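Below is one structure, written out as structure tokens, with a few remarks after it.
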Amino acid sequence: MDDARKIRRTDASGTCPVTRAADGTWQVRGYAEARAVLRADATVQAGLGVETVDKAPAGIRRPVLYRDGPEHREHRRQTARYFTPRRVDEHYRELMADMADRALARLRTDGSAQLSDLSFGMAIGVASAVIGLTESRPGIRRRLERFFPEKFGRPGFTSLSGIYWMGRQIYSWGSIYLADVRPAVRPRRREPRDDLISHLIAEGCTDAEILGECLTFAAAGMVTTREFICVAAWQLFTDEALLDRYLKAEEPERLAVLHELLRLDPAVARLRRRTTADLELPGQVTVPAGEVVELLVDEVNADPRAVGSEPLSACPGRALDTGAGPAVLSFGDGPHRCPGAGIAILETDMFLTRLFALPGIRMATAPRVGFKDEIGGYEIRGLTVTTG
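FYI, in my numbering the residues of the sequence shown are 3 to 390.
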């Protein structure tokens with residue numbers, strides 16, 4: 003069958019599951035090997051901006067994404083209740099339906115809209131409720147767009163562009179704190195609620211630490227979900243048989259379709275870890291202590307040893323290797339597996355079922371695809387949808 007991926011990447015079929023790049027980085031393309039890295043106690047975060055976090059003043063607690071070991075496991079244990087399937091169903095399902103209707107209201111009125119704008123509105127509304135950013139001043143979308151720009155610069159004092167980039171980010175941090183985080187923190191210090199910010203306050207976090215956590219969850223829960231909604235819609239718009247299957251299916255099968263699309267086009271396709279001790283991987287490969295290991299998630303997800311034959315085709319409900327989730331490693335694995343996986347998939351389904359239920363819905367223009375090399379992520383822009 004043809005390659006079903008929308009985000010074209012290198013076909014690494016037949017490539018050794020663990021190789022060494024020219025810069026010394028260990029690159030992992032095999033599923034068993036990648037899962038072993040993510041589950042190992044002898045690794046710590048080595049990507050997603052950890053270098054910047056390492057420069058933070060002493061005494062400031064790192065966001066959970068950048069913590070490892072017992073401290074990280076305890077935080078995940080305490081916050082797991084916000085992401086259980088029961089809570090997602092009871093607390094967020096109705097919210098998702100409302101957010102999807104709000105996001106699509108403009109399309110119903112105007113008859114045309116950019117899908118990236120609609121999906122971002124959905125993702126912001128859902129993630130804000132989970133985090134507790136419910137007292138934000140108008141303009142949260144603009145502030146987040148400024149903080150997560152389409153093109154990143156390189157910070158530093160060696161060039162005008164680097165200084166400009168740093169100033170822009172500092173300004174963005176301050177804007178989000180003043181307009182979104184501080185208005186949420188103040189009432190919760192007086193009267194805690196059942197959300198993440200209230201939990202962080204109970205743990206004794208400062209406002210700066212809460213800001214860091216909020217931005218981490220915003221990146222994970224808003225930005226990546228926005229992009230996946232767009233690529234899943236693009237896939238369905240251009241695959242009539244798959245769209246017909248999706249629209250006729252009950253929710254469990256629809257979610258299986260979305261998991262398979264995410265397997266093919268993971269929103270985060272590069273994960274990095276650093277070894278803290280010698281690490282033994284399947285196949286008698288030993289990665290020495292102090293080395294950087296890069297997981298090529300898109301290639302891992304196409305490992306035929308884990309996903310079977312025709313790994314680049316869209317086959318929802320395919321038989322997978324024992325222990326592999328339906329999206330394989332698109333949500334990570336081990337202690338750092340994305341806690342909001344269930345939320346992201348369900349809100350995507352809630353949005354897309356309503357989108358494709360609109361009379362005469364069609365894709366008017368094909369999107370342009372950009373990339374964020376630091377995470378192997380994609381950006382879908384210019385995908386215009388129209389009704390009637």
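Ideal Cβ positions, reconstructed from N, Cα and C, are used throughout, including at glycine. The structure displayed is predicted, hence computed values, not measured ones.
Can you give me the C-alpha to C-alpha distance between L263 and R192, rounded to a whole angstrom?
44 Å
In the DSSP assignment, find the unbroken beta strand (DSSP E) run with I9 in it and report its ends.
Note, I9: premise wrong, no beta strand (DSSP E); not H, not E.
Take every Cβ of the stretch 126 to 143, pair it with every Cβ of the stretch 175 to 195, and state whether three or more of those distances are shorter than 8 Å.
yes
Determine the direct distance from the alpha carbon of I382 to that of G372, and round the result to whole angstroms.
7 Å
Min CB distance D25 to chain D below 8 Å:
No chain D appears in the structure shown, which is made up of a single protein chain.
Option nearest R64 by Cα separation, candidates D209, D5, V30, G127:
D209
Go ahead and label R156 buried or exposed: buried means 16 or more other beta carbons lie within 10 angstroms of its beta carbon, across all protein chains shown.
Annotation note: pLDDT 43 at R156 (below 50); position unreliable, no value reported.
From the DSSP secondary-structure annotation, give me the bridge partner or partners of I382.
V371
Looking only at its chain, what residues have a beta carbon closer than 8 Å to the beta carbon of T160, apart from the 5 residues adjacent to it on each side?
Residue confidence is low: T160 scores 44 on pLDDT, short of 50, so the model does not pin down where it sits. Its coordinate-derived value is still stated next. Once the five neighbours on either side are set aside, T160 has no close Cβ partner at all.
Looking only at its chain, what residues have a beta carbon closer than 8 Å to the beta carbon of D280, apart from the 5 residues adjacent to it on each side?
A44, T288, V289, P290, A291
Can you grab the Cα-Cα spacing for the pair I203 / Y33, in whole Å?
38 Å
Exposed unless 16 or more other CB atoms sit within 10 angstroms - verdict on A316
buried
Spatially closest choice to A131 from E376, R370, E349, M365, by CA coordinates
E349
For A24 and E253, the rounded distance between their alpha carbons:
46 Å
Is the CB-CB distance between R274 and G49 below 8 Å?
yes
By DSSP, does S177 sit in helix, in strand, or in coil?
helix
Are V302 and V330 closer than 8 Å when you measure CB to CB?
yes
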